[in-house]
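See structure below.
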Amino acid sequence: MFDGLKRKLSEAVKIFAKKEEKEIEKEIEAREEKADVVGPKAAGEIEESAAPKQQQPAQQAKQEEEIPSAPELQPVESKREVREEKKGEEKGNKELLKLSLKTKIKGVFTSNVALGDREIDDFLENLKLSLLQSDVSFEATEAFLEDLRGNLKSTKLDSRNIQGNLIDAVRKSLFDILAKSGRGVDIKQFVKERVAAGDIPVKILFLGPNGTGKTTTIAKIAHTFKSEGISSVMSASDTFRAAAIEQTEHHAAKVGVPVIKSKYGADPASIAFDAIAYAKSHSIQAVLIDSAGRQETNKNLIKEMEKMVRVAQPNITIFVGESTTGNQLSEQVREFAKFMRIDGIILTKLDVDAKGGNAISIAYTTGIPLLYLGTGESYDALVRYTPDFIVDSILPNN
Ligand SMILES: Nc1nc2c(ncn2[C@@H]2O[C@H](COP(=O)(O)OP(=O)(O)O)[C@@H](O)[C@H]2O)c(=O)[nH]1
Ligand SMILES: [Mg+2]
């Protein structure tokens, strides 16, 4: 799940962080060279106070502390000659000096690093590619990068933890973009509230293209409902696809909920009508209405769906789509949404999707919230969508 995105994003961050760290290292070396120039002054002082070869570790440490810190060091050209003369006798001392200066310079130099515009551009360009190649939509990618640009501009990176800081910034922008998509209805909560108000049954219609996992998802929802004490009935309203009725019956029996069915070719809306009547007479709290898969371009099937909406008057209409569909998915959703109100999206087959970008962008791109993610074929492989689930899956917080 999210493997492609996970790998690509962390690679982009790593490569950029390495580059930055190299730059910083170079800068430190440049300063070190400057510092070397004033080395003799400090070395001279050390020589006056104690002979280097006789020094004890404790004394050495004390001397290191006495060495002036980097900003106070001024290059003094004339001292270089003095150092050349004393080179031999000061050898041990010089090594010690160099180390301590390096540490001090590092300490002074390293705390905060601000990225320049060009560096940010480079980083964002790499991320852009990673996101687009992982099925994140163009719109969402652009919005994410703009958000991240703002984040990076206003953040100073700790040079000892560039990679960690960059990941934090990417995480924050991912959250920002997911927050912009809004939260959808909590189906279980919705049903519970209706039950409490005595307003049942709640009718939920599932639609979408062929083979995306509508029937399987209905079984998963029935299963979750059951575990929360919500009763439901399935309406086998796919009378079109071979074996669809048997498949629904099979799931219903396994989950342990009733199913209302008719024969192949029967009017799907009238089966939904019967299922609602059954729920009313048996005080069943939710009706889960299946439908035949259809392409958004098939006008007859879309008409049939409009009739179903008119007859069943669903409280919640859910589009079930495959995350593996790629960028075409948002087009599918938009086309369906032209004909009927869609309250939420369930994205299936995330477990077999090497990319996973749709989970980030589908809600942002279509303006329709993501409700659940299908993560396998078993009945409990259904995860309620939360931004945390997505962000933690893509950028684990070790
Ligand atoms: N790996 C995986 N397979 C799924 C998931 N959801 C559904 N499927 C499988 O997708 C296939 C089609 O599912 P089905 O419910 O018949 O799709 P429908 O035509 O939309 O009703 C079946 O083999 C399901 O087991 C999922 O989240 N992950
Ligand atoms: Mg089906």
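Just so we're aligned: the sequence shown equals residues 7 to 404 in this note's numbering. We put the CB at the ideal spot given by N, CA and C, even for glycine.
According to DSSP, is L154 helix, strand or coil?
DSSP places L154 in helix when its eight states are reduced to three.
Cβ atoms of A365 and S187: under 7 angstroms apart, would you say?
Annotated as distal: S187 and A365, with beta-carbon spacing of 7 angstroms or more.
Heavy atom of ligand 2 less than 6 angstroms from the Cβ of T245, yes or no?
no
Starting from L289, trace the beta strand (DSSP E) in both directions and tell me its first and last residue.
Looking at the sequence itself, residue 289 is Ser, so the reference to Leu does not match. Unbroken run through S289: none, as it is neither H nor E.
Pick helix, strand or coil for M346, following the three-state DSSP scheme.
Residue state, collapsed to three classes: coil.
Segment limits, alpha helix (DSSP H) that includes V201:
193-202
Where the beta strand (DSSP E) containing G327 begins and where it ends:
322-328
Apart from the five residues just before and just after K134, which ones in its own chain have a Cβ nearer than 8 angstroms to its Cβ?
Excluding residues within five positions, the ones whose Cβ falls inside 8 angstroms are T147, L151.
Does the beta carbon of L330 fall short of 6 angstroms from some heavy atom of ligand 1?
The sequence given here has Thr at residue 330, not Leu. Not so, every heavy atom of ligand 1 lies at least 6 angstroms from the Cβ.
I need the straight-line Cα distance from K267 to S238, nearest angstrom please.
15 angstroms
Per DSSP, the bridge partner or partners of L213
F325
Using 8 angstroms as the cut-off, can you tell me whether the stretch 240-252 makes contact with the stretch 191-200, which would need three or more C-beta pairs spanning the two stretches below that distance?
Touching, no.
Excluding the five sequence neighbours on either side, which residues of its own chain have a C-beta within less than 6 angstroms of the C-beta of S179, listed in chain order?
In the same chain as S179, and ignoring 5 residues on each side of it, the C-beta atoms closer than 6 angstroms to its own belong to F150, D153, L154, N157, in chain order.
Just the Cα atoms here: how many angstroms apart are F22 and L184?
C-alpha separation (whole angstroms): 24 angstroms.
Looking only at C-alpha atoms, which of E39, M346, E125, V19 sits nearest to E29?
E125
Sort out for me which residues DSSP pairs G380 with in a bridge.
L388
Is the stretch 252-264 close to the stretch 161-178, with three or more CB pairs under 8 angstroms?
no
Can you find a heavy atom of ligand 2 that lies under 6 angstroms from the Cβ of K232?
No - ligand 2 has no heavy atom lying nearer than 6 angstroms to the Cβ of K232.
In angstroms with no decimal places, state the Cα-to-Cα distance between F395 and Q139.
Roughly 21 angstroms separates the two Cα atoms.
Neighbour-count burial assignment, L79, 16 or more Cβ in a 10 Å radius:
At L79 the pLDDT is 36, less than 50, meaning the model places this residue with poor confidence and gives no usable figure here.
Please classify M314: does DSSP put it in a helix, a strand, or coil?
helix
Is DSSP giving T354 helix, strand or coil here?
strand
Cβ neighbours of K68 in the same chain (closer than 7 angstroms, five flanking residues each side left out)
Bear in mind that the predicted position of K68 carries a pLDDT of just 45, short of 50, making it unreliable; the figure below should be weighed with that in mind. Excluding residues within five positions, none has a Cβ falling inside 7 angstroms.
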